[in-house]
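*Asks:* Please find one structure pasted underneath; my questions will follow.
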Amino acid sequence: MGKPTGFQEFDRELPSKRPVADRVKNYNEFVGQYSAEKLNEQSARCMNCGIPFCHNGCPLGNVIPEFNDAVYRKKWDEAYQILSSTNNFPEFTGRICPAPCESACVLGINKPPVAIEEIEKHIIEIAWEKGMVRPTAPILKTGKKVAVVGSGPAGLAAAAQLNKAGHSVTVYERDDHAGGLLRYGIPDFKLEKWVVERRVKLMEEDGITFKYNTEVGKDIAADELVRSHDAVVMAGGSTIPRNLPIPGREFKGIHFAMDFLKQQNKRVANIAFEMEEIIATGKDVVVIGGGDTGSDCVGTSNRQGAASIRQFEVMVQPPASRTAAMPWPTYPMVLKVTSSHEEGCERHFGVNTKEFLGDEQGNLRALKVTDVSWETDVLGRPIKFSEVEGSEREIPCQRVFLAMGFVNPQYTGMLESLGVELDERKNVKATEKAYRTNVSKVFAAGDMRRGQSLVVWAISEGRECARKVDEFLMGHTNLESKDAVN
Ligand code: FAD
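Going letter by letter, the sequence shown gives residues 1 to 486 in full-length UniProt numbering.
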C-alpha cells in the first residue's frame with residue numbers, strides 16, 4: 001500500500017473538463033489529465049482493503065488496489081502489467097465505463113470513492129506514450145482457425161484472447177470500420193475514434209485479420225463460415241431498438257437514436273452515408289429514454305445547435321445510490337446525470353408519451369404526454385404506472401429521438417440460417433459458464449448473448465468466451481480467468 005494515510009489526507013478530485021460553452025463547439029473529448037502530483041495523490045487514496053469489494057464490483061475483476069499502489073510508486077510498467085492482465089482495452093473503459101468498481105469502493109461508504117476509472121485511463125495512456133503497449137504475436141501457433149463475428153468490444157476481446165492462445169483469428173464486421181458501438185454508437189466527445197483505431201491497428205500487428213463490409217448470413221453464408229473454421233464466436237450485439245408504436249409514429253422527424261448517432265459519428269469521420277440526413281439544428285428536440293443512449297442524443301443535439309432539448313423518462317428519479325438506510329456499495333443507477341446533461345437539457349421523470357401529433361405536411365409538431373405515478377412492490381421496486389389525472393399536455397417539438405433501449409439481437413440472417421436457439425428474452429441462448437450455443441462449434445458473447453449491457457461486460461464476456469473456445473479446441477486453456485484473480 002502506497003500511503004496508508006492517503007485516504008485521510010486527500011479528497012477525490014477529477015481532472016478538469018473544458019467549459020461547456022467551449023466543448024459544445026466540437027465533438028472532441030473534453031476531460032483533461034491529472035498532473036503527475038494529482039495522479040499520485042489520487043492513487044494514494046486507495047485503502048488497500050482486506051476484502052477489496054472493487055475487484056468484484058468490476059465485471060473484469062480488475063486488480064485495483066495493486067495497480068493503485070504501483071501508480072503511487074510510479075512503477076508504470078508494473079501498473080500496466082497488472083491492469084492489462086484483466087482488461088484488454090483499458091483505454092475504452094477508462095473513458096466510458098460507469099465504473100461499478102467505484103460504486104463498490106469501500107471508501108465510498110463515508111467519503112467519495114477512489115477515482116479508479118481516471119487512474120485506469122492514465123495508466124494505459126502513459127503505457128502507450130512510453131511504448132509499453134507493443135504487438136505480442138504468439139510464438140506458437142495451434143493451427144486452429146477461429147472466426148469472430150462482430151468487432152464490438154466483445155468480439156475484439158475474444159479475438160485478442162484467442163490470438164494470444166495461438167489460434168488464427170479472423171474478425172468479420174458488416175460495418176466499414178471496427179469497434180461496434182464504440183465506433184458507431186458512442187459519440188466522439190466521449191470516445192474519440194483514434195483511440196479505437198490505435199487498438200485495432202495493434203491487433204492487426206498481432207496477426208488478427210479484419211474483414212469489413214462483410215455481413216455473415218448475407219455477404220457470406222453462416223454455415224459456410226462454420227464449415228471453414230474450427231470454432232465461431234458470435235458477438236453481433238443487441239441491435240433491434242425498442243419502438244414506440246403509438247398513434248402518429250409515422251410523422252416525419254421521429255427517429256431511432258442509433259440512426260441519429262451513427263450518422264453524426266460518420267460525419268465527424270468524414271465517412272459518407274446513404275440514408276436521409278437527420279439533423280437537430282434549430283429544432284425543438286425531445287429525447288425519449290433516460291439511459292446512456294438518450295444522454296448521447298442530448299450531447300449530440302447540443303453540438304448540432306438544437307433550439308431546445310428535453311429528455312423524458314417514464315421512470316421516476318431514483319434515490320442516490322447510497323442512502324442512510326442503504327449505505328452499502330451498489331451498482332450505479334441507470335438514470336444518472338452525465339456530462340451531456342451539464343451542457344443543457346430539461347429532464348423530466350415520470351412522463352409517458354401517448355401520441356405524436358403532426359401537421360398537414362406529415363411533419364411532427366408536438367407530443368401528447370401525461371405524468372405518471374408508480375405502484376411499487378414491498379421492496380420499493382416500481383411495478384405498474386398509472387396516469388396522473390389532469391396532467392395531459394402537448395409538448396411542441398420537431399425532432400424526437402427514441403432511446404428506449406434494445407430488445408434483442410437481429411434474428412434474420414446469421415442466427416436464423418444457423419438455427420440458433422434463443423432464450424426467453426430472445427437473446428442467443430448460451431450459458432455464462434459455457435458460452436456455447438446449440439449449434440456445434442458456435443459460441444456467443446457480449447450483448448448478443450447477455451442483452452444490452454455495458455462495454456466492460458462485453459469485454460468480460462469476450463475474454464471468458466475465448467477461454468471456453470480455447471478449452472474446446474485444445475482440451476485445456478492457459479488464458480487468464482477473472483475467477484483466478486479474485
Ligand atoms: P456491439 O458493440 O453492438 O458490436 C456488435 C458488432 O457486430 C457491430 O459492429 C455490428 O455491426 C456487428 N455485426 C452484427 N451482426 C453482424 C453480422 N451478421 N456480420 C458481421 N458483423 C455483424 N456502455 C458503456 O459501458 N458506457 C457507455 O457510455 C455506453 N454508451 C452507449 C451509448 C450508446 C448510444 C449505445 C447504443 C450503447 C452504449 N453503451 C455504453 C453500451 C455498449 O456500447 C454495449 O454494451 C457494447 O458495445 C456491446 O458490445 P458488443 O461487442 O456485444 O456489441
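Ideal Cβ positions, reconstructed from N, Cα and C, are used throughout, including at glycine.
Between which residues of its own chain and PHE472 is the CB-CB distance below 7 Å, once the five residues before and five after are set aside?
*Replies:* For this step, residue 472 is matched to residue 472 along the sequence shown. For PHE472, where only same-chain residues beyond five positions count, the Cβ hits under 7 Å are ALA231.
*Asks:* Cβ of CYS97 within 6 Å of any heavy atom in the ligand FAD?
*Replies:* As a working note, residue 97 is residue 97 in the sequence shown. Within the cutoff, so yes.
*Asks:* For the region 253-330, which segments carrying the beta strand (DSSP E) assignment without a break, of at least 3 residues, lie completely within its bounds, in sequence order?
*Replies:* Counting only runs of 3+ residues, the beta strand (DSSP E) found wholly inside the region 253-330 occupies 254-256, 284-288, 308-313, in chain order.
*Asks:* Could you compute how far the alpha carbon of LEU367 sits from the alpha carbon of VAL268?
*Replies:* Taking the sequence shown and counting its residues from 1, one reaches residue 367 at position 367. Taking the sequence shown and counting its residues from 1, one reaches residue 268 at position 268. Straight-line Cα distance between these residues: approximately 30 Å.
*Asks:* Measuring CB to CB, does LYS429 end up less than 7 Å from ASN408?
*Replies:* Stepping through the sequence shown from its first residue, residue 429 is reached at position 429. Stepping through the sequence shown from its first residue, residue 408 is reached at position 408. No, the pair does not count as a contact, with Cβ atoms beyond the cut-off.
*Asks:* Run through DSSP, which three-state label would THR86 get?
*Replies:* Numbered from its first residue, the sequence shown carries residue 86 at position 86. Three-state result, THR86: coil.
*Asks:* Looking only at its chain, what residues have a beta carbon closer than 7 Å to the beta carbon of ARG467, apart from the 5 residues adjacent to it on each side?
*Replies:* The count along the sequence shown starts at 1 and reaches residue 467 at position 467. Correct list, in chain order: THR477, LEU479, SER481.
*Asks:* On the criterion of 16 or more Cβ atoms from any shown chain inside 10 Å, does SER16 qualify as buried, or is it exposed?
*Replies:* As a working note, residue 16 is residue 16 in the sequence shown. SER16 comes out exposed.
*Asks:* Leaving out five residues on either side along the sequence, give the residues of the same chain with a beta carbon under 6 Å from the beta carbon of ILE208.
*Replies:* Walking along the sequence shown from the start, residue 208 turns up at place 208. Excluding positions up to five away in sequence, the list reads ALA159, ASN163, VAL169.
*Asks:* Can you grab the Cα-Cα spacing for the pair LYS25 / ARG18, in whole Å?
*Replies:* Position 25 of the sequence shown holds residue 25. Position 18 of the sequence shown holds residue 18. For LYS25 and ARG18, the distance between alpha carbons rounds to 11 Å.
*Asks:* Check whether the region 233-241 and the region 147-159 touch, using three or more Cβ-Cβ pairs below 8 Å as the test.
*Replies:* yes
*Asks:* By the three-class DSSP mapping on this structure, what secondary structure does PRO65 have?
*Replies:* Position 65 of the sequence shown, counted from the start, is the residue given in the question as residue 65. Helix, per DSSP.
*Asks:* Determine the direct distance from the alpha carbon of LEU83 to that of HIS341, and round the result to whole angstroms.
*Replies:* Along the sequence shown, read from residue 1 onward, the residue named residue 341 stands at position 341. Along the sequence shown, read from residue 1 onward, the residue named residue 83 stands at position 83. Near 31 Å, if we compare the C-alpha coordinates of LEU83 and HIS341.
*Asks:* The alpha helix (DSSP H) with PHE53 in it runs from where to where?
*Replies:* As a position in the sequence shown, residue 53 is number 53, starting the count at 1. From DSSP, the alpha helix (DSSP H) with PHE53 extends over 53-57.
*Asks:* Name the DSSP beta bridge partners of TRP374, please?
*Replies:* For this step, residue 374 is matched to residue 374 along the sequence shown. In the DSSP output, where bridge partners are listed per residue, TRP374 has PHE385.
*Asks:* What's the C-alpha gap between residue 547 and ASN270?
*Replies:* Here the chain comprises residues numbered 1 to 486, so residue 547 is not present and cannot be evaluated.
*Asks:* For VAL334, count neighbouring Cβ atoms within 10 angstroms of its own Cβ and tell me buried if that reaches 16, exposed if not.
*Replies:* Along the sequence shown, read from residue 1 onward, the residue named residue 334 stands at position 334. With a pLDDT of only 47 at VAL334, under the threshold of 50, the placement of this residue in the model should not be trusted, and no figure is reported.
*Asks:* Just tell me which of PHE385, ASP371, THR370 has its CA closest to the CA of ASP377.
*Replies:* One-based indexing of the sequence shown puts residue 377 at position 377. Comparing Cα-Cα distances from ASP377 to each of PHE385, ASP371, THR370, the minimum goes to PHE385.
*Asks:* How about SER481: is its Cβ closer than 6 Å to a heavy atom in the ligand FAD?
*Replies:* Your numbering for residue 481 matches position 481 in the sequence shown. No, the beta carbon of SER481 sits no closer than 6 Å to any heavy atom of the ligand FAD.
*Asks:* Per DSSP, GLY451 is paired with what?
*Replies:* Within the sequence shown, residue 451 is the residue found at index 451, counting from 1. Beta-bridge pairing links GLY451 to no other residue.
*Asks:* Would you kindly report the start and end of the unbroken beta strand (DSSP E) that includes ILE395?
*Replies:* Your numbering for residue 395 matches position 395 in the sequence shown. Unbroken beta strand (DSSP E) run through ILE395: 393-396.
*Asks:* By how many angstroms is the C-alpha of TYR27 removed from the C-alpha of GLU120?
*Replies:* Counting from 1 along the sequence shown, the entry for residue 120 is found at position 120. Counting from 1 along the sequence shown, the entry for residue 27 is found at position 27. Between GLU120 and TYR27, the C-alpha separation is close to 23 Å.
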